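Residue numbers (this note's numbering), protein chains in the order written: chain A, 251 to 363; chain B, 11 to 123. Each remark here refers to the structure printed beneath this line.
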Amino acid sequence: AQKVTQAQTEISVVEKEDVTLDCVYETRDTTYYLFWYKQPPSGELVFLIRRNSFDEQNEISGRYSWNFQKSTSSFNFTITASQVVDSAVYFCALVNRDDKIIFGKGTRLHILP
Amino acid sequence: DVKVTQSSRYLVKRTGEKVFLECVQDMDHENMFWYRQDPGLGLRLIYFSYDVKMKEKGDIPEGYSVSREKKERFSLILESASTNQTSMYLCASSFRVERDGYTFGSGTRLTVV
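In structure tokens form, the structure reads like this:
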């Protein structure tokens, strides 16, 4: 079975704090792809990052970074020096062999001013 | 920029009405998807299509149907709307899912009264 688990339903942090959103996935495929999406209050899901199973390098993009560890089947997302504009729902996702995306249930992140 | 346009942002319909949710994409994508998003349940796949006139059931197709007469347009139909179909509906499209992920529309919040 393929599954994505985001154990944190809701997180609140004060602005400028660092925050990590956890994502654990299950798949029997050796080739797979992982994604993170952001859903701001406007509603539209926005693509953040894609990772394939052969690329375990961590990635940094500005204040965002991603830690992919196959050994623990995790693909965690860290926001450094959080800002109020980071408040959103964040989804981790896995592409299965049928070319459909399986989403986690999302983590609602509140950045408090 | 790829655009996925959903015809209505907010919609209120009465129980028993036939409801059409329209989705149009402008980048010649083969693959199109309809999801519904509910609190605590995340995104659930209703129907998808990999080509014109082709449709496949997702995880929760009951009470819905779809139409794809043209490549750019994927319509979701609620045959007889019920209150439990009150939800946020998200349309997405993709060229190659594993490479590109999805591009989402901004969603239609449907209320059935």
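Cβ coordinates follow ideal geometry from the N, Cα and C atoms, glycine included. Only a predicted model underlies this, so the values are computations on that prediction, with no experimental measurement involved.
Could you tell me whether any non-hydrogen atom of the ligand COA is closer than 6 Å to the CB of residue i?
i                 : result
THR280 of chain A : Looking at this structure, you won't find the ligand COA or any other ligand, since it has none at all.
Check whether the Cβ atoms of residue i and residue j sit closer than 7 Å, and answer yes or no.
i                 : j                 : result
THR270 of chain A : ASN308 of chain A : no
ALA102 of chain B : PHE114 of chain B : yes
ARG46 of chain B  : SER116 of chain B : no
PHE297 of chain A : TYR283 of chain A : no
ARG268 of chain A : ALA257 of chain A : In the sequence as displayed, the identity of residue 268 of chain A is Asp instead of Arg. For ASP268 of chain A and ALA257 of chain A, no; Cβs fall outside 7 Å.
PHE318 of chain A : ARG300 of chain A : no
ILE56 of chain B  : ILE70 of chain B  : yes
ILE361 of chain A : VAL334 of chain A : yes
GLY68 of chain B  : PHE58 of chain B  : yes
LEU53 of chain B  : THR118 of chain B : no
VAL274 of chain A : SER323 of chain A : yes
VAL123 of chain B : ARG19 of chain B  : no
GLY356 of chain A : VAL254 of chain A : no
ALA91 of chain B  : GLU27 of chain B  : yes
Does DSSP put residue i in a helix, in a strand, or in coil?
i                 : result
ARG109 of chain B : helix
SER85 of chain B  : strand
ASN94 of chain B  : helix
LYS320 of chain A : helix
ALA335 of chain A : Reading off the sequence shown, one finds Val at residue 335 of chain A, where the question assumed Ala. VAL335 of chain A falls in the helix class under three-state DSSP.
LEU295 of chain A : coil
CYS273 of chain A : coil
VAL76 of chain B  : strand
TYR314 of chain A : strand
SER116 of chain B : coil
GLU267 of chain A : coil
THR255 of chain A : strand
ARG300 of chain A : strand
VAL62 of chain B  : coil
Tell me residue i's beta-bridge partners as DSSP assigns them.
i                 : result
GLY52 of chain B  : B:ASP48
TYR340 of chain A : A:LYS288 and A:THR357
ILE261 of chain A : A:LEU359
TYR57 of chain B  : B:TRP44 and B:LYS67
ALA102 of chain B : B:PHE43 and B:PHE114
TYR20 of chain B  : B:ARG119
PHE327 of chain A : A:LEU271 and A:TRP316
VAL14 of chain B  : B:GLN35
THR281 of chain A : THR281 of chain A pairs with nothing; no bridge assigned.
GLU309 of chain A : A:TRP316
VAL29 of chain B  : B:LEU88
Within the 7 Å Cβ cut-off, does residue i reach chain D?
i                 : result
SER116 of chain B : The chain labelled as chain D is not found among the protein chains of the depicted structure, namely A and B.
*Using a Cβ-Cβ cut-off of less than 7 Å, list which residues of the region 291-325 of chain A approach chain B; keep chain order.*
SER292, GLY293, GLU294, LEU295, PHE297 and ARG300
_Chain-ordered residues of the region 275-289 of chain A with a beta carbon less than 7 Å from chain B_ = TYR283 and PHE285
_Residues from the region 90-110 of chain B in contact with chain A, defined by Cβ distance under 9 Å_ = MET98, LEU100, ALA102, SER104, ARG106, VAL107, GLU108, ARG109 and ASP110
_Output needed in chain order: residues of the region 50-63 of chain B with a Cβ under 9 Å from some Cβ in chain A._
GLY50, LEU51, GLY52, LEU53, ARG54, LEU55, PHE58 and TYR60
*Return the residues of the region 342-359 of chain A that lie within a Cβ-Cβ distance of less than 8 Å from chain B, sorted by chain order.*
ALA343, VAL345, ASP349, LYS350, ILE351, PHE353, GLY354, LYS355 and GLY356
*Using Cβ-Cβ distances below 7 Å, what residues of the region 64-90 of chain B are close to chain A?*
none
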